[in-house]
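Visitor:
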Amino acid sequence: MFRVLEVGPTGPATVSDSDDLVGPPPEGVFRWIDLQKQDDALLGLLAERFQFHPLTIEDCSHFDQRPKLEEYGEYLFLVTHGFRLTTSASEPLEVLELHSFLGERYLVTVHVEPIPALEAVWKRLQGEAALVRRGVDFVSYLVTDAIVDSFFPLLDDIAGQVEDVEDQVLGRSRKIELADIFRLKRLLVQLRKVLSPQRDVFGLLAKRGEGWIDQRTALYFRDVYDHVLRIHEWVEGTRDLLGNALDAYLWSASQRTNEIMKRLTLLSAIFLPLTFITGFWGQNFTGLPFDSNGMMVAMLVSCAIVPASMVYFFMRSKWF
Amino acid sequence: MFRVLEVGPTGPATVSDSDDLVGPPPEGVFRWIDLQKQDDALLGLLAERFQFHPLTIEDCSHFDQRPKLEEYGEYLFLVTHGFRLTTSASEPLEVLELHSFLGERYLVTVHVEPIPALEAVWKRLQGEAALVRRGVDFVSYLVTDAIVDSFFPLLDDIAGQVEDVEDQVLGRSRKIELADIFRLKRLLVQLRKVLSPQRDVFGLLAKRGEGWIDQRTALYFRDVYDHVLRIHEWVEGTRDLLGNALDAYLWSASQRTNEIMKRLTLLSAIFLPLTFITGFWGQNFTGLPFDSNGMMVAMLVSCAIVPASMVYFFMRSKWF
Amino acid sequence: MFRVLEVGPTGPATVSDSDDLVGPPPEGVFRWIDLQKQDDALLGLLAERFQFHPLTIEDCSHFDQRPKLEEYGEYLFLVTHGFRLTTSASEPLEVLELHSFLGERYLVTVHVEPIPALEAVWKRLQGEAALVRRGVDFVSYLVTDAIVDSFFPLLDDIAGQVEDVEDQVLGRSRKIELADIFRLKRLLVQLRKVLSPQRDVFGLLAKRGEGWIDQRTALYFRDVYDHVLRIHEWVEGTRDLLGNALDAYLWSASQRTNEIMKRLTLLSAIFLPLTFITGFWGQNFTGLPFDSNGMMVAMLVSCAIVPASMVYFFMRSKWF
Amino acid sequence: MFRVLEVGPTGPATVSDSDDLVGPPPEGVFRWIDLQKQDDALLGLLAERFQFHPLTIEDCSHFDQRPKLEEYGEYLFLVTHGFRLTTSASEPLEVLELHSFLGERYLVTVHVEPIPALEAVWKRLQGEAALVRRGVDFVSYLVTDAIVDSFFPLLDDIAGQVEDVEDQVLGRSRKIELADIFRLKRLLVQLRKVLSPQRDVFGLLAKRGEGWIDQRTALYFRDVYDHVLRIHEWVEGTRDLLGNALDAYLWSASQRTNEIMKRLTLLSAIFLPLTFITGFWGQNFTGLPFDSNGMMVAMLVSCAIVPASMVYFFMRSKWF
Amino acid sequence: MFRVLEVGPTGPATVSDSDDLVGPPPEGVFRWIDLQKQDDALLGLLAERFQFHPLTIEDCSHFDQRPKLEEYGEYLFLVTHGFRLTTSASEPLEVLELHSFLGERYLVTVHVEPIPALEAVWKRLQGEAALVRRGVDFVSYLVTDAIVDSFFPLLDDIAGQVEDVEDQVLGRSRKIELADIFRLKRLLVQLRKVLSPQRDVFGLLAKRGEGWIDQRTALYFRDVYDHVLRIHEWVEGTRDLLGNALDAYLWSASQRTNEIMKRLTLLSAIFLPLTFITGFWGQNFTGLPFDSNGMMVAMLVSCAIVPASMVYFFMRSKWF
């Protein structure tokens, strides 16, 4: 499935899904071809009409590339990653991979699943042909900017969960399982794995004069670069916090068990003298004054006083 | 809300909040326009009169930028961060973000909340017009220097708290909760997140010949750079200390529980032989000499001697 | 044992194991000599006919080199590593070392054990002489690409095992022993040890104009470089996950022991009051109402009520 | 308080504390002005006579600078740090800060507390005027070299303490408290904080042609640089060792408590069967053979045999 | 003690310990002077005859330099480190320091203790004068190569011990004490401390055109460089493994104690109901059927059944 957004020197943008438009645009025309890949048939068309390098076409057949920026004579080939949270435990982050070919007057974007951020830009540009006339590099900026900005809600979500871990350790709530912590950890590891090459890509784009990137547009990419840097630093900081939180979480789980045992041991300790007292008067020595009422009262009193004073002592020492 | 501090070739500084002064100053005049942003209305004025780049105007609408330094043809755009401690647990550090536009003879500062360090410089310059005549880059230095210097009391505060954690582990005081340690950790993570780009910014400013920074002023920025470096190293060292202190804190909490259990177990151990002795003489064997006073005395003596010698042994072994 | 694959200007590829072909090919002919080393005899032939540097010949006698790329006037000497999982605990990864001499029209590959990835390329090239005519550097690319691609199934295997560790900690399965975790750790350490020089090698090859590497082929090596980078990042991320998983694994093993002790301690606690009650009525005081049926019933009821209410309390407190 | 050491083209060195000598020396004369700062009065003199930059003068008013090297047109400004151990727990290392102004023929050193290493060089140079005639850069080398060399006894001291920690964990001695470990940790953190900028400073000085540093003297600074590198590596290695030692220390403290509890639990276990035996024969069943001497002997024998065999079993299993 | 190996344009190598030969060789002659330092007397001779720089002579008086490479006009000064295992706990690795002066036609090696690797090269060169005629840089390569190669058996030894630690944790053997782990750790820290500057030294030597190093010989040094890199990576990997192994070792020691306590607690639990049963029938209520044989049998049966079923339950739950 593909669609083409075309903007001529004047007039509004036109959208079409005609096969004929898949190819380099004529002079004075800007073209954005968005291809949601279902099979490899359309890729052949790209290869044929645009003469894209076999390596880039092959990359578009396997959607598991690192974010990268490669310069070919006629165009830039750009791989960027967006994300979507999934419910999977082993790969909690689904990568939404976007491949872009950025030529002088055309932008070809290839992806497998619909990317909401891209969709939003597509809609916006239909109404604002002027934005496209600033050049396809600016269109590419708008798309990647939208993708990077869509990370932030995700970060807030993760930050909230890390705080939940801390809250649980501090006994304020009880929402987090160990499985959730492992999932968070995996989230951060996945994020970092993608962000660090993404950072390099936008760092290159932000430098002026790379391939078909206009100097004015490079200023905008510098902005995206700054956002990626901020996310990267955020991930590093959060990993640090989560590491500590995991340690404290494990500790608090053990500590809870130990606290229970301590209380039980305190209980045992309280019964110890009672066992001795009753054991003492359970002896069969005929010499013991078993018929002395005074002794019996003393025994009864001890059975009350001794544990009571132990409880008092334990409480004063804050052992409970 | 905005205000303008203007210094002509001679005469004292004048302060005004006239709308007309928002714009590039005439020849020979230095102008510092300080804008405490409440809505985006005034930004439009800046964009119109100064022709600031749309990206920088947009940055001023979203106060969550990384510290950065961007060179535009006519001016430098500078984002720096100050701090204020808050009582929030999840973000214990409130960032006071300052955006500066530094042109040839004007400095425009934009911020949302009042920044005490900036306020102090403003007051000082009203009286010392000569300082402004050294150039607006020097004014910018004075502001950022004041902001960076305002970090140091904060560091002392944090250092004190880290020592409190250690003191608590060592049993010297009892002021710190686990929640405080998490908060300290977050403080350091936040500090580091801001300091590392801030370091880059001042590193660039300290190099001579950047945009509108005079060579003489660059020497002063080198000083600020050195301070930021020192704070950065301090944060790294403190993270290291806090990491160890957290480990030791958790350990000492567990250890306290274990110590109590050990003492209780010692107590149990002391009663064990007593239980045996009284149990022994509680048996119903007719052959046992229940009417022997000697045996009874022996029993009574054992009930005193055995636990006493156990206590003695435990104490000598330093088991208590 | 050796074999030679030769491709002339036209016609299909010929395979031979004739001794005469071990040497530089005549003009217009491409030659791939694959040598599975059994003794050092054949190396002498290489040294003599190709005039390879004594150092590279010596390297080929000791198959324990780091991945490296060395440029000699007439040829590139390349050491790359593949892997095979073994059952050994101390070195779970067997390195399949491949030494390549890449000249203008010849490629000499030397290895000790058969390398499946190389074998596959050898078979493919027998049928596609055209690929060889693109140059021996392209043949070298095909071999190293196949070797690097053969890492991916290995990574999936390791990832699965790391998840198994987490699952076990979470109590979902019970497949992993501590010995397995140590083995995984060693796997990752070995992988990293090899990948980081391998990354440097392909980084150099991906740059244009190195020795006999054609600019077109360099584009392909850039692809291999990207794969190695991805694997490297994967290994770093997995080390991180495994480190946490090991901590949690040890913790969960300890925690299991503690949980059992807690339950046993709970059991003890339930019997404590019973011991006191029966001990109390085991005393020999004549004043105690041993013939009161009411008392006896009270004793019997306590023996049921007291432990029952303790169990109830413990359960309500979620101590079990 | 200040003093001046002056060396003319010939003749011995003269020492004076005359106010007049505070200033650039006449042609052919080398001057070392050493200023032990008590108030800021003398700094004004330096600023006036040497025309030192206000920033460097300001730095000399606040003795808490990072080690740094700044080049001003006429002189180098150099901040280096020495150390002295203190008894303070929070800052176990007192920094002895030395500020140097190194001009063509003068060296001005400013410090607050007496620095023994500097004192030693001062005394030595009084007798060896020839050394001063090699240039003031060589004098500066002598001073910094003496300061860096004075680190080594400190390192030996720290190393000894780290070994003490290990010895204690291994049960060989008992000299170290947790507070000592925290103090050691702080020592290393402080050392590192100062060494890493110091390393940069000497790295710059070791490169030829920096400001007033002669090429011949640069060779000597390279030597100091090497020493700083060695100390830096030593600190890193020691931090690593201390980290492990702290872990093991905490572990061994917990383990000691656990060992005591294990022994007590063993003791309890030994008494358990005894309690059962005596409890059994304490029952009031008339059917039990209380008058059988054989049974009584059997009971007595069990009371000896059962615990004895348990002790034997525990010992054989190495549970004690 | 010194000795000189001299090789003229033709003829075999001659060995001598004549004082006269300590000095630059005449034209066409290569000289290797090996000096086993006992006192500083001979150093003066070197300084006088070769005009070595005072700094290098001073370095030779203090054998505790970092590995380094310094270029002086006439010669290279090279410090490299070999190792020897000692039985000392605090410094398990004795560094064998070798200082070399490499001139155009002479090599001067200075060391304190005999270095076996150097000895082997010395013997070999006596028979192969041709090797010396390739240049003294080649002799220097042979010596350093032999020293670096002598590291490998040491590495195998360490690797074996790290595996022993793991085996012990896994319960397979019992050879390692905590003291051994500390010693291993120190070994690795010491190795790393020396290897990282050594790596820099050989990296420089491997680059062509450094001082008196021939381009051909640089190729050989590149080989040594690769070996050092490999050792360095090995050390990093092993540190990682040892870190985990130490954690697991401490855990397993604690876990052993806990396991014993768990078993003892299980034992206690088994006796608990017995204590209750016998306690129950030890009461003095006249209403209890003490003369009922049925009751007595029930009591006896319970005393057998109850613990047996507990043991069964514990075993089924795998609590033992």
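Residue numbers (the numbering used here), protein chains in the order written: chain Z, 136 to 455; chain S, 136 to 455; chain R, 136 to 455; chain L, 136 to 455; chain D, 136 to 455. C-beta: ideal position from N, C-alpha, C; glycine also.
#1: Compute the Euclidean distance between the alpha carbons of residue 397 of chain Z and residue 383 of chain L, then round it to the nearest angstrom.
#2: List, from N- to C-terminal side, the alpha helix (DSSP H) runs of 4 residues or more that fit wholly inside the region 179 to 225 of chain L.
#3: Quick check on residue 269 of chain S: does DSSP put it in helix, strand or coil?
#4: By the criterion of Cβ-Cβ separation under 8 Å, what are the contact partners of residue 355 of chain D in chain R?
#5: Give me, in chain order, the residues of the same chain whose beta-carbon lies closer than 7 Å to that of residue 387 of chain R; leave out the 5 immediate sequence neighbours on both sides.
#6: Residues of chain D with a CB under 9 Å from the CB of residue 428 of chain R: which are they?
#7: Any heavy atom of the ligand ADP closer than 8 Å to the CB of residue 324 of chain D?
#8: How is the beta strand (DSSP E) around residue 168 of chain R delimited, first residue to last?
#9: In whole angstroms, what separates the C-alpha of residue 214 of chain R from that of residue 245 of chain R?
#10: Throw me the rounded Cβ distance for the residue 242 of chain D and residue 167 of chain D pair, which I believe falls under 8 Å.
#11: Is DSSP giving residue 427 of chain Z helix, strand or coil here?
#12: Return no unless some Cβ of chain S is closer than 9 Å to the Cβ of residue 393 of chain L.
#13: Determine whether the beta carbon atoms of residue 378 of chain L and residue 379 of chain S lie at a separation below 9 Å.
#14: Considering residue 254 of chain L, what are the terminal residues of the beta strand (DSSP E) in which it resides?
#15: At a Cβ threshold of 9 Å, is residue 403 of chain D touching chain R?
#16: If the cut is a Cβ gap below 7 Å, which residues of chain S does residue 388 of chain L touch?
#17: Do you know whose CA, among L/439, L/416, L/443, L/330, lies nearest residue 430 of chain L's CA?
#18: Determine the DSSP secondary structure at residue 410 of chain D, reduced to helix, strand or coil.
#19: Rounded to whole angstroms, what is the Cα-Cα separation between residue 211 of chain S and residue 271 of chain S?
#20: Just grab the DSSP bridge partners of residue 236 of chain Z for me.
#21: Cutting at 8 Å between CB atoms, please list the residues of its own chain near residue 309 of chain R, excluding the five before and the five after it.
#22: Run the CB neighbour count on residue 292 of chain L, radius 10 Å, all protein chains shown included, and call it buried at 16 or more, exposed below.
#23: Evaluate the contact criterion for the region 403 to 423 of chain D versus the region 421 to 439 of chain R: three or more CB pairs, one atom per stretch, below 8 Å.
#24: Does DSSP put residue 138 of chain R in a helix, a strand or coil?
#25: Which class does residue 312 of chain L belong to by DSSP, given the choice of helix, strand or coil?
#26: Could you please give the first and the last residue of the uninterrupted alpha helix (DSSP H) stretch that includes residue 150 of chain D?
#27: Buried or exposed: which applies to residue 452 of chain D, given that a residue is buried once 16 or more other Cβ atoms fall within 10 Å of its Cβ?
#28: Is residue 300 of chain D helix, strand or coil by DSSP?
#29: Name the chain R residues that come within less than 9 Å of residue 324 of chain Z, Cβ to Cβ?
#30: Let me know the secondary structure DSSP gives residue 229 of chain R once reduced to three states.
#31: Given that residue 225 of chain S touches chain Z, what residues does it touch there, using C-beta distances under 8 Å?
#32: Within 9 Å of any Cβ in chain D, is that where the Cβ of residue 327 of chain L sits?
#33: Along the region 429 to 447 of chain R, what residues have a CB closer than 8 Å to any CB found in chain D?
#34: Against residue 417 of chain R, what residues of chain Z qualify as contacts under a CB-to-CB distance less than 7 Å, listed in chain order?
#35: Helix, strand or coil for residue 161 of chain R? Go by DSSP, reduced to three states.
#36: With DSSP run on the structure shown, which of helix, strand or coil describes residue 419 of chain R?
Guide: Concretely, from the data shown:
#1: By one-based count along the first sequence, residue 397 of chain Z stands at place 262. By one-based count along the fourth sequence, residue 383 of chain L stands at place 248. Taking the straight line joining both Cα atoms gives about 25 Å.
#2: As far as the region 179 to 225 of chain L is concerned, its whole alpha helix (DSSP H) runs of at least 4 residues are 189 to 196.
#3: The residue given as residue 269 of chain S occupies position 134 in the second sequence. DSSP places residue 269 of chain S in coil when its eight states are reduced to three.
#4: Stepping through the fifth sequence from its first residue, residue 355 of chain D is reached at position 220. For the C-beta of residue 355 of chain D, the chain R residues within less than 8 Å are, from N- to C-terminus, 190.
#5: Locating residue 387 of chain R in the third sequence gives position 252, where the first residue counts as 1. Taking residue 387 of chain R as the centre and dropping the five residues before and after it, the same chain places the C-beta of 304 closer than 7 Å to its C-beta, in chain order.
#6: The residue labelled residue 428 of chain R in the question sits at position 293 within the third sequence. The contacting residues are 420, 422.
#7: No copy of the ligand ADP occurs in the structure displayed, which carries no ligand at all.
#8: Within the third sequence, the letter at position 33 stands for residue 168 of chain R. 165 to 171 is the span of the beta strand (DSSP E), which, as asked, contains residue 168 of chain R.
#9: By 1-based counting over the third sequence, the position of residue 214 of chain R is 79. By 1-based counting over the third sequence, the position of residue 245 of chain R is 110. Straight-line spacing of the CA atoms in residue 214 of chain R and residue 245 of chain R works out to 10 Å.
#10: Numbered from its first residue, the fifth sequence carries residue 242 of chain D at position 107. Numbered from its first residue, the fifth sequence carries residue 167 of chain D at position 32. Yes, they are in contact, since the Cβ atoms of residue 242 of chain D and residue 167 of chain D sit about 5 Å apart, within 8 Å.
#11: Position 292 of the first sequence holds residue 427 of chain Z. The answer is coil: DSSP assigns residue 427 of chain Z none of H, G, I, E or B.
#12: Taking the fourth sequence and counting its residues from 1, one reaches residue 393 of chain L at position 258. Chain S, which has a Cβ nearer than 9 Å to the Cβ of residue 393 of chain L, makes this yes.
#13: Here residue 378 of chain L corresponds to residue number 243 of the fourth sequence, with the count starting at 1. Here residue 379 of chain S corresponds to residue number 244 of the second sequence, with the count starting at 1. Between residue 378 of chain L and residue 379 of chain S, the CB-CB gap stays under 9 Å.
#14: Position 119 of the fourth sequence, counted from the first residue, corresponds to residue 254 of chain L. Residue 254 of chain L -> not in any beta strand (DSSP E); alpha helix (DSSP H) instead, spanning 251 to 262.
#15: Here residue 403 of chain D is taken as the residue at index 268 of the fifth sequence, counted from 1. Judged by the 9 Å Cβ criterion, residue 403 of chain D is in contact with chain R.
#16: Counting from one through the fourth sequence, the residue named residue 388 of chain L turns up at place 253. The contact set of residue 388 of chain L on chain S, defined by CB atoms closer than 7 Å, consists of 390 in chain order.
#17: Locating residue 430 of chain L in the fourth sequence gives position 295, counting from the first residue. Per the Cα distances, L/416.
#18: Taking the first residue of the fifth sequence as position 1, residue 410 of chain D is located at position 275. Correct three-state label for residue 410 of chain D: helix.
#19: Translated into positions along the second sequence, residue 211 of chain S becomes position 76. Translated into positions along the second sequence, residue 271 of chain S becomes position 136. As the crow flies, the alpha-carbon of residue 211 of chain S is around 12 Å from that of residue 271 of chain S.
#20: Within the first sequence, residue 236 of chain Z is the residue found at index 101, counting from 1. Secondary-structure assignment with DSSP links residue 236 of chain Z through a beta bridge to Z/212, Z/243.
#21: One-based indexing of the third sequence puts residue 309 of chain R at position 174. Answer for residue 309 of chain R: 303, listed in chain order.
#22: For this step, residue 292 of chain L is matched to residue 157 along the fourth sequence. Here residue 292 of chain L is exposed. Its C-beta has fewer than 16 other C-beta atoms within 10 Å.
#23: Between the region 403 to 423 of chain D and the region 421 to 439 of chain R there are three or more C-beta pairs closer than 8 Å, enough to call the two in contact.
#24: What you label residue 138 of chain R is simply residue 3 of the third sequence in a count that begins at 1. Note: residue 138 of chain R maps to strand in three-state DSSP.
#25: One-based indexing of the fourth sequence puts residue 312 of chain L at position 177. Note: residue 312 of chain L maps to coil in three-state DSSP.
#26: The residue labelled residue 150 of chain D in the question sits at position 15 within the fifth sequence. Per DSSP, residue 150 of chain D lies in no alpha helix (DSSP H) segment; the continuous beta strand (DSSP E) that holds it begins and ends at 149 to 151.
#27: For this step, residue 452 of chain D is matched to residue 317 along the fifth sequence. Exposed, by the Cβ-count rule.
#28: By 1-based counting over the fifth sequence, the position of residue 300 of chain D is 165. Looking at residue 300 of chain D - three-state DSSP - the assignment turns out to be helix.
#29: For the purposes of this step, residue 324 of chain Z is taken as the residue at position 189 of the first sequence. By Cβ distance, chain R contributes 371, 372, 373, 375, 376.
#30: By 1-based counting over the third sequence, the position of residue 229 of chain R is 94. In the three-state reduction of the DSSP assignment, residue 229 of chain R falls in the strand class.
#31: In the second sequence, residue 225 of chain S corresponds to position 90, counting from 1. Residues of chain Z passing the Cβ test: 294, 298.
#32: What you label residue 327 of chain L is simply residue 192 of the fourth sequence in a count that begins at 1. Chain D has no Cβ within less than 9 Å of the Cβ of residue 327 of chain L.
#33: If the cut-off is 8 Å between Cβ atoms, the region 429 to 447 of chain R has 430, 431, 434, 438 near chain D.
#34: As a working note, residue 417 of chain R is residue 282 in the third sequence. 413, 417, listed in chain order.
#35: On the third sequence, position 26 is the one that residue 161 of chain R refers to. Looking at residue 161 of chain R - three-state DSSP - the assignment turns out to be coil, as it is neither helix nor strand.
#36: Walking along the third sequence from the start, residue 419 of chain R turns up at place 284. When DSSP states are grouped into helix, strand and coil, residue 419 of chain R belongs to the coil group.
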